[in-house]
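Numbering that gives the first Met the number 0 numbers the first residue of the sequence shown as 0 and each following residue consecutively.
In this text, a Cβ means the ideal position worked out from N, Cα and C, and glycines have one as well.
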Amino acid sequence: MILYSAPPSYYSMIGRLALNAAQISFENHHMDIHVRKEQLAPWYIALNPHMTVPTLVDGKTILIDSQDILRLAATQAGNQWLDIDLNLSPQIEAVVKAHYAIPIERLTFCKAMLHLPILKFIFPRALGGIIKGLQAQLATAKDPAAVQAKITLNQSRIAYFTQGASLKEKMTLERNRVSAYLDQLPTLGNFLFGDKPSSADIVTAVLFGRLKMIGEYALVTNHARGLVLDQWFSRMQQQTAFQKSDIWLRFQWWRILLRG
């Protein structure tokens with residue numbers, strides 16, 4: 000079983016943590032998505048036409064979405080996770096669904112551009128370069144529809160970050176989304192839903208890590224139940240699975256440049 004994941008990628012972190020927490024053995028293949036842009040290489044597009052990370056390959060089975068990897072982990076974990084509890088599974092699924100409704104990229108890059116205004120010029124130009132490269136591939140692409148979809152996605156990203164409301168207004172909206180998510184989190188035991196982990200613990204731990212990394216963890220500590228949620232996250236960080244999963248709690252620019 001091979002997991003193609005990028006160290007700084009949010010959804011790659013979910014994949015790594017899910018597999019480690021379920022005690023599933025896998026080979027972690029590091030993808031350089033910033034310098035070499037390996038996600039755009041033909042060999043990778045053959046695995047994942049969406050050109051995203053992570054991708055999990057297990058024989059002939061290929062999963063190209065962290066949600067699918069999370070479901071696999073929950074299934075393999077069996078009674079070690081609370082997802083198997085029919086009384087709790089609808090609530091767990093609701094939390095996971097709410098998590099995936101948070102546009103993590105917007106939260107991350109809005110904060111980055113507010114912190115370093117020069118990124119307002121660098122980020123759209125970088126996306127424009129990727130678009131040109133994808134457009135050059137269209138004529139010979141095995142899956143031109145997938146390439147066109149990636150072009151359209153990147154064009155929408157440029158539009159979001161350069162048009163409409165100010166970055167401050169957009170950041171306020173993203174903070175409100177996170178706060179609304181925190182409002183619905185239970186804390187019923189050592190883990191969110193009791194004394195065993197669940198898929199909700201996996202995604203929420205990675206979300207809290209991202210909030211730490213971008214300097215927005217005050218959304219947790221200033222919450223009405225901030226103390227309890229912070230204590231939960233402290234316990235999660237002490238888990239062996241968390242420590243093995245390379246969850247970024249601070250931005251490590253040197254690892255991006257050194258591709259590791």
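Secondary structure at residue i, three-state DSSP: helix, strand or coil?
| i | result |
| --- | --- |
| Thr54 | strand |
| Asn189 | coil |
| Ser197 | coil |
| Tyr3 | strand |
| Leu210 | helix |
| Gln242 | helix |
| Ile32 | coil |
| Tyr43 | helix |
| Glu37 | helix |
| Leu172 | helix |
| Asp142 | coil |
| Gly14 | helix |
| Ser233 | helix |
| Ser165 | coil |
| Tyr159 | helix |
| Ala217 | helix |
| Leu248 | coil |
| Arg224 | coil |
| Leu152 | helix |
| Ala179 | helix |
| Leu184 | coil |
| Gln22 | coil |
Using only alpha-carbon positions, find the residue among the options that is nearest to residue i.
| i | options | result |
| --- | --- | --- |
| His49 | Asp57, Gly58, Leu62 | Leu62 |
| Ile157 | Pro123, Tyr3, Ala5 | Pro123 |
| Thr60 | Asp245, Leu226, Pro196, Met0 | Met0 |
| Phe250 | Ser244, Gln242, Lys211 | Lys211 |
| Asn86 | Gln237, Glu173, Phe192, Lys169 | Phe192 |
| Leu260 | Ala135, Ile129, Lys167, Gln136 | Past the boundaries of the shown model lies residue 260; the chain is included only from 0 to 259, so the question cannot be answered. |
| Pro7 | Asp57, Gln230, Ile44, His29 | His29 |
| Glu104 | Met170, Gln134, Asn78 | Met170 |
| Leu218 | Leu184, Asp245, Arg174, Ser198 | Arg174 |
| Gly208 | Asn189, Ser198, Asn221, Phe241 | Phe241 |
| Asn27 | Leu16, Lys36, Arg35 | Leu16 |
| Thr54 | Val94, His33, Ile13, Ile83 | Ile13 |
| Trp253 | Asp31, Tyr216, Ser4 | Asp31 |
| Gln230 | Gln66, Leu187, Val56 | Leu187 |
| Asp82 | Leu46, Ser11, Ile201, Gln136 | Ile201 |
| Arg176 | Leu71, Leu248, Glu215 | Glu215 |
| Leu133 | Thr239, Ala40, Thr220 | Ala40 |
| Pro33 | Ala223, Val146, Ala5, Leu184 | Note on residue identity: the sequence assigns His, not Pro, to residue 33. If we check each option's Cα against that of His33, Ala5 comes out closest. |
| Ile44 | Tyr3, Leu184, Ser11 | Tyr3 |
| Leu172 | Cys109, Ala125, Lys243, Leu184 | Cys109 |
Under the DSSP definition of a beta bridge, which residues are partnered with residue i?
| i | result |
| --- | --- |
| Ile61 | Val56 |
| Asn272 | This structure leaves residue 272 out entirely; the chain is present only between 0 and 259. |
Relative to the ligand ZN, is the shortest distance from any of its heavy atoms to the C-beta of residue i smaller than 6 Å?
| i | result |
| --- | --- |
| Glu92 | Because no ligand of any kind appears in the structure shown, any question about the ligand ZN cannot be addressed here. |
* Evaluate the contact criterion for the segment 82-90 versus the segment 160-167: three or more CB pairs, one atom per stretch, below 8 Å. => With fewer than three CB-CB distances shorter than 8 Å, the segment 82-90 does not count as touching the segment 160-167.
* To do: Could I get the ranges of all uninterrupted alpha helix (DSSP H) runs contained in the segment 66-132, with 4 residues as the minimum, in chain order?
  => Within the segment 66-132, the complete alpha helix (DSSP H) runs of at least 4 residues are 88-99, 103-114.
* Could you say if the segment 65-80 and the segment 15-28 meet the contact criterion of at least three C-beta pairs nearer than 8 Å? => Pairwise C-beta distances place the segment 65-80 in contact with the segment 15-28, as three or more of them are shorter than 8 Å.
* Any contact of the segment 95-115 with the segment 173-190, i.e. 3+ C-beta pairs under 8 Å? -> Remark: three or more beta-carbon pairs, one from each stretch, lie closer than 8 Å, so the segment 95-115 and the segment 173-190 are flagged as touching.
* Should the segment 129-142 be called in touch with the segment 195-208, which here means at least 3 C-beta pairs below 8 Å? -> Under the 8 Å Cβ criterion, the segment 129-142 does not count as touching the segment 195-208, having fewer than three qualifying pairs.
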